[in-house]
Amino acid sequence: MLHPYRGNRGHVLTVGFIEDWQPAVGAVTTWTVTDQARQAAALAPAHRVAPSFQQRAYLRTVADRPVAARLRILAFDLPGAPDPAALRRAVLGFLRRHDTFAGRFAVTGYGTVTRHQLHAEQIDIAATGHGQLDDPAAIRELVISGTPAAPAWECFSFGVIEHDDSFTVYAAIDHLHTDGIGQILAANDLLTLYQAEISGSTALLAPAAGHVAHCDRENRFNEQLIPRAAPILQWAQLLRPYGDELPGFPLPLGDSAPVHAHRTATLLHGEQAERFEQICSAHGGRFAGGVVAALALTEALCTDRRPYFVLAAVDTRTTVREAGSVGWYTAPVPLVLNIGARHSFSALVAEAQDAAGRARELRETSVHRVLELLDLDRGDREPTRVATTLSISDLRTVIGAEEFGRVEGGLHGCPIEPGAVGISVDRLADRTTISIRYPDTAAAYESIQYYLTTACSVFGAIATDGDVTIRPMETANQAVPLR
Numbered sequence: 001m002l003h004p005y006r007g008n009r010g011h012v013l014t015v016g017f018i019e020d021w022q023p024a025v026g027a028v029t030t031w032t033v034t035d036q037a038r039q040a041a042a043l044a045p046a047h048r049v050a051p052s053f054q055q056r057a058y059l060r061t062v063a064d065r066p067v068a069a070r071l072r073i074l075a076f077d078l079p080g081a082p083d084p085a086a087l088r089r090a091v092l093g094f095l096r097r098h099d100t101f102a103g104r105f106a107v108t109g110y111g112t113v114t115r116h117q118l119h120a121e122q123i124d125i126a127a128t129g130h131g132q133l134d135d136p137a138a139i140r141e142l143v144i145s146g147t148p149a150a151p152a153w154e155c156f157s158f159g160v161i162e163h164d165d166s167f168t169v170y171a172a173i174d175h176l177h178t179d180g181i182g183q184i185l186a187a188n189d190l191l192t193l194y195q196a197e198i199s200g201s202t203a204l205l206a207p208a209a210g211h212v213a214h215c216d217r218e219n220r221f222n223e224q225l226i227p228r229a230a231p232i233l234q235w236a237q238l239l240r241p242y243g244d245e246l247p248g249f250p251l252p253l254g255d256s257a258p259v260h261a262h263r264t265a266t267l268l269h270g271e272q273a274e275r276f277e278q279i280c281s282a283h284g285g286r287f288a289g290g291v292v293a294a295l296a297l298t299e300a301l302c303t304d305r306r307p308y309f310v311l312a313a314v315d316t317r318t319t320v321r322e323a324g325s326v327g328w329y330t331a332p333v334p335l336v337l338n339i340g341a342r343h344s345f346s347a348l349v350a351e352a353q354d355a356a357g358r359a360r361e362l363r364e365t366s367v368h369r370v371l372e373l374l375d376l377d378r379g380d381r382e383p384t385r386v387a388t389t390l391s392i393s394d395l396r397t398v399i400g401a402e403e404f405g406r407v408e409g410g411l412h413g414c415p416i417e418p419g420a421v422g423i424s425v426d427r428l429a430d431r432t433t434i435s436i437r438y439p440d441t442a443a444a445y446e447s448i449q450y451y452l453t454t455a456c457s458v459f460g461a462i463a464t465d466g467d468v469t470i471r472p473m474e475t476a477n478q479a480v481p482l483r
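Counting from 1, one number per residue, gives the positions in the sequence shown under full-length UniProt numbering.
1) Comparing C-alpha positions only, which one of Ala41, Trp31, Phe287 sits nearest to Ile392?
2) Kindly indicate which three-state DSSP category Trp153 falls into: helix, strand or coil?
3) What residue range is occupied by the uninterrupted alpha helix (DSSP H) comprising Val367?
4) Here's the rule I'm using: 16 or more other beta-carbon atoms within 10 Å means buried, otherwise exposed. How should Ile184 be labelled?
5) Below 8 Å on the Cβ atoms is my guess for His260 versus Gly16; work out the distance and round it to an integer in Å.
6) Using the DSSP secondary-structure output, state which residues sit across from Arg427 in a beta bridge.
7) In three-state terms, what does DSSP make of Ser346?
8) Hey, could you find the ends of the beta strand (DSSP E) His260 is sitting in?
9) By DSSP, does Thr388 sit in helix, in strand, or in coil?
10) Does the Cβ-Cβ distance between Ala350 and Gly284 come in under 7 Å?
11) So what's Ser281 in DSSP terms, helix, strand or just coil?
12) Distance cutoff 7 Å, beta carbons only. Does Gln183 sit that close to anything in chain B?
13) Between the stretch 189-198 and the stretch 295-310, are three or more C-beta pairs nearer than 8 Å?
14) With a 10 Å radius around its C-beta and 16 neighbouring C-beta atoms as the bar for buried, classify Ala208 as buried or exposed.
15) Considering only C-alpha positions, which residue in the set Ser366, Ala273, Gln39, Glu218 is nearest to Ala429?
16) Are Ala355 and Thr330 closer than 7 Å when you measure CB to CB?
17) Under 7 Å Cβ to Cβ from Phe101, same chain only, skipping five residues before and after it: list those, please.
18) In terms of residue numbering, what span does the beta strand (DSSP E) encompassing Leu74 cover?
19) How far does the beta strand (DSSP E) with Arg104 in it reach, from first residue to last?
20) Can you name, in chain order, every residue of its own chain whose Cβ lies under 6 Å from the Cβ of Ile436, other than the five neighbours on each side?
21) Starting from Phe94 and walking both ways along the alpha helix (DSSP H), at which residues does that stretch end?
22) CA-CA distance, Ala236 and Thr433?
23) Excluding sequence positions up to five away, which residues of its chain have a Cβ less than 7 Å from the Cβ of Pro231?
24) Classify Asp64 as buried or exposed, calling it buried when 16 or more other Cβ atoms lie within 10 Å of its own Cβ.
25) Could you check how far apart the C-beta atoms of Ile161 and Ala24 are, in whole angstroms? I think they sit under 8 Å.
26) Could you please give me the residues that DSSP links to Asp174 through a beta bridge?
27) Suppose you measure from the CA of Val468 to the CA of Arg358; what does that come to, to the nearest Å?
28) Residues in the same chain with beta-carbon distance under 7 Å from Tyr194, minus the five sequence neighbours each way, listed in chain order, please.
29) Would Gly131 be called buried (16 or more neighbouring beta carbons within 10 Å of its own) or exposed?
30) Just the Cα atoms here: how many angstroms apart are Gly146 and Gly109?
31) Taking the beta strand (DSSP E) that Tyr110 belongs to, which residues open and close that run?
32) Spatial neighbours of Pro66 within its chain, please: C-beta separation below 8 Å, excluding the five flanking residues on both sides.
33) Does the separation of the CB atoms of Ala455 and Thr298 fall below 7 Å?
34) Can you give the Cα-Cα distance for Arg360 and Thr388, rounded to whole angstroms?
35) How many angstroms separate the CA atom of Glu271 from the CA atom of Glu218?
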């Protein structure tokens, strides 16, 4: 389900999943890398900087199971007729601006992953016309099937769909090279570069840091860790109540399913979100901490498992130049909240904010390195495959979000690992939504329906009444009305 919101000038931005993308029909032109660029990538020398720990884990997974590849699509509409030459130059400028796209990764049979780095000027793209396509599903399938999956170097593609009096620009990029924030940054870059090309001006984009340097910094930090290092001991302490396992979703999901379903709901509308934030502030927290507290209370109503535990996705961009850098910067950290005797939102929100802060302190420590050192990396099981993940994003604050909100466009997410539950809470200009992807089973459907109903009730009660309180022994058997 797509959830639209209107930007500053009444334009609509949709946030949803790839299978929900319904592009307007029209003549389609795609841009993919040239044979010469592909050959240059194949011959690129090995680079001393390895990919990040999570990139390595992901590359090993998709090398064994290509269906695990995760694609992200952004799209936006512009008025008038496109200038194909200007668009090509804009796309090429974008690819050469961010060094993540110059990296080709080779995975050996022993699981070793090596980076091979091109020179930016070796990247080149060429257009392919596909004619008029009159079915949104056909366009979507063309984009998905026409974008090679990682570990192929060229796991990204771009295109334009021409309509009668407007056109749609899209970018399809494998998760290997981007994240949610990166998608908005990419949209801003492409808009800015295209506008500069058609006006003959210079694109006003601040220099962006390289993702390779980020990987180097992260790798150096993690490789020097030992089992007795403070971050590793902190992780171990958090996992101990769960039998040294990463805990999964606390409600029944049924037998593991190879495919996922998804649900999206609105937690708060614009004024409700402002009220929610004010309540959080009054009790010593901020919006993100309030979301954590409300979801912890939701889980407490749905199950008797304590404490609340998720892998929270945090942005590891730490410098001004990294703030404008496209790459896979988000990383999972353990977010644990002990509810204890605090059964009201007002009593819990400050501790939830502190818990979110403590989680962020572990953002440099890779979960994959933790599992290595704790000897919990068993076989080819990836840690996020079973753990519930949580992403909280204020999309209004990302560089380029305001500009992106002035055009009609969308951000379309990707699947997650089989058997996993992924929760995303996104604050937009006029609403806050919750999206959940889960195994496509009857049991999971019932559990997620109950969880969503409970979450909407909890958030609604907080925004309306200023607080919500649960009894210590309240569990999932009670009915919670949807607000």
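C-beta: ideal position from N, C-alpha, C; glycine also.
Let me lay it out:
1) Phe287
2) coil
3) 367-373
4) buried
5) Not a contact, Cβ separation roughly 13 Å.
6) Asp394, Thr432
7) helix
8) 260-269
9) coil
10) yes
11) helix
12) The question asks about chain B, but that chain is absent: this structure has only one protein chain.
13) no
14) buried
15) Ala273
16) no
17) Leu95, Ile123, Phe156, His177
18) 71-79
19) 103-107
20) Arg263, Ile423, Ile448
21) 84-97
22) 33 Å
23) Leu225, Leu362, Thr365
24) exposed
25) 7 Å
26) Leu71
27) 25 Å
28) Ala86, Leu87, Ala90
29) exposed
30) 26 Å
31) First-last for Tyr110: undefined, no H or E at that position.
32) Ala149
33) yes
34) 17 Å
35) 40 Å
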